[in-house]
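In my numbering, the protein residues as written are 173 to 544.
To start, the structure itself, in structure tokens.
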């Protein structure tokens, strides 16, 4: 299946082309960037406008064989000269790019919903143009999506407290097709590779952030871990069939809290009981009614965790959540292997781990020594 490119890649490509046109005075109808995944992206630019102190253009979003509501949308970038001293690069959102109004998301409240990785991509590509053209001043980059406000109504943004438009997203820069069978086949291949290397244990995470957390926190390299997407139960089944004896799940609280309710496919279309479960566990820990209502009103689990931290109940609630997560994971495994879990939040780091999860740090260290 054909992969596509994220809104973040489109924004970075448009920004690079606009910067080039502003600093050289030459029209640029095609531009190439390198995505964090290491795959080059060559985009065609549209609706080019060049003025004395600013230049803008658009790149059309291509979702590949996994189209979403933003596929076909024009993602614009306008680059203009800035009077700020030094070589500063300001990235801001314009029309059709959402604004963050609630805590717990990738960007702070009041900021444009341009996530961290896309911001890094934009800065990298624009600074590359500055180096090529020997420009030493400051620039402002504005990302805007004329149809963004309408498109956002078909996304989770309004529920998440992102108003006025879409988010500029992407951790790898590419959109990988999400055919369920294709994802399951990929998980099986990765598990097979791991077993063929002689290991009877495997670390699993739902997505890129979980793998990044494992690597930064515990030195468990992404290449030695398996990404299972939303398919928690299926991954356990495959790992057990292949003869793994131990499995570690490391995941964000927003994913794994669903497992604490017995949900084995964590996609939102399959079920979403995050706040209800957190509220129930909080009641068990003695959290007051007012805070329970606040947790139920949260749109993100990070926001709920903050409330629990303020109440001094986070450790107790998360320890019980980890216990319930492991209960359902082990129930799915049916005694065929031991399963541990580590739960984390982007803002607060590790929240809880199962009793025997510490053994994985020793296994990780041994594996790292084996590779040296």
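Positions of the beta carbon are idealized from the N, C-alpha and C atoms, including for glycine.
The structure presented is a predicted model; accordingly, all values stated were derived computationally and were not measured.
Boundaries of the beta strand (DSSP E) harbouring residue 249: 246–254, taken from the DSSP string. Apart from the 5 residues on each side of it in sequence, residue 499 has no Cβ closer than 7 Å to any other Cβ in its chain.
With distances taken between CA atoms, residue 346 lies nearest to 289 out of 289, 337, 388.
In this structure residue 263 is in contact with residue 313, their Cβ atoms being roughly 5 Å apart against a cut-off of 8 Å. The three-state secondary structure of residue 268, taken from DSSP, is strand.
Setting aside the 5 residues that flank it on each side, residue 381 is surrounded in the same chain by 343, 424, 518, each with a C-beta closer than 8 Å to its C-beta; the list follows chain order.
Runs of the beta strand (DSSP E) lying entirely within the segment 483–530 and spanning at least 3 residues, in chain order: 510–517, 521–525.
DSSP, reduced to helix, strand and coil, places residue 468 within a helical segment of the structure shown. Membership of residue 303 in the alpha helix (DSSP H) is indicated by the continuous run 288–305. Annotation note: the segment 356–413 contains the following uninterrupted alpha helix (DSSP H) runs of length 4 or greater, listed N- to C-terminal: 380–390, 404–413. Taking a contact to require three or more Cβ pairs closer than 8 Å, the segment 254–262 and the segment 195–209 do not qualify as touching. Secondary structure note for residue 174: it is in no alpha helix (DSSP H), with a DSSP letter that is neither H nor E.
Note on geometry: alpha-carbon atoms of residue 205 and residue 211 lie some 9 Å from one another. Around the Cβ of residue 378, a 10 Å sphere holds 16 or more other Cβ atoms; the residue is buried.
As the crow flies, the alpha-carbon of residue 193 is around 27 Å from that of residue 270. Within 10 angstroms of the beta-carbon of residue 361 lie fewer than 16 other beta-carbons, which makes it exposed. Secondary structure at residue 446: helix, using DSSP grouped into helix, strand and coil. Annotation: residue 293 to residue 247 spans about 15 Å, alpha carbon to alpha carbon. Check the Cα spacing between residue 508 and each of 415, 422, 432: the tightest is with 415. Within the segment 181–254, the complete beta strand (DSSP E) segments of 3 residues or longer fall at 202–206, 212–222, 226–232, 246–254, listed in chain order. Look at residue 323 here: in three-state DSSP terms it is helix. Per DSSP, the unbroken alpha helix (DSSP H) holding residue 427 starts and ends at 425–431. Two segments are said to touch when three or more pairs of C-beta atoms, one from each, lie closer than 8 Å; by this definition the segment 315–322 touches the segment 330–339. Ranked by how close their Cα comes to the Cα of residue 175, the residues 237, 521, 189, 443 have 237 in first place.
Residue 417 sits exposed, since fewer than 16 C-beta atoms from the chains shown fall within 10 Å of its C-beta. With respect to residue 489, residue 520 sits apart: the two C-beta atoms are not nearer than 8 Å.
Under DSSP, residue 283 forms no beta bridge with any residue. Distance from the CA of residue 300 to the CA of residue 376, rounded to the nearest whole angstrom, comes to 36 Å. For residue 527, the closest C-alpha among the options 535, 534, 514 is that of 514. Secondary structure of residue 435 (DSSP, three-state): coil. A straight-line Cα-Cα distance of about 19 Å links residue 267 and residue 274. With contacts defined as CB atoms closer than 8 Å, residue 229 and residue 190 qualify as a contacting pair.
In the DSSP assignment, residue 341 falls outside any beta strand (DSSP E), carrying neither H nor E. In this structure, 399 is the residue among 260, 433, 478, 399 with its C-alpha nearest to the C-alpha of residue 419. If you look at residue 332, you'll find it in the alpha helix (DSSP H) that goes 329–332. Straight across, the Cα-Cα distance linking residue 470 with residue 196 is about 48 Å.
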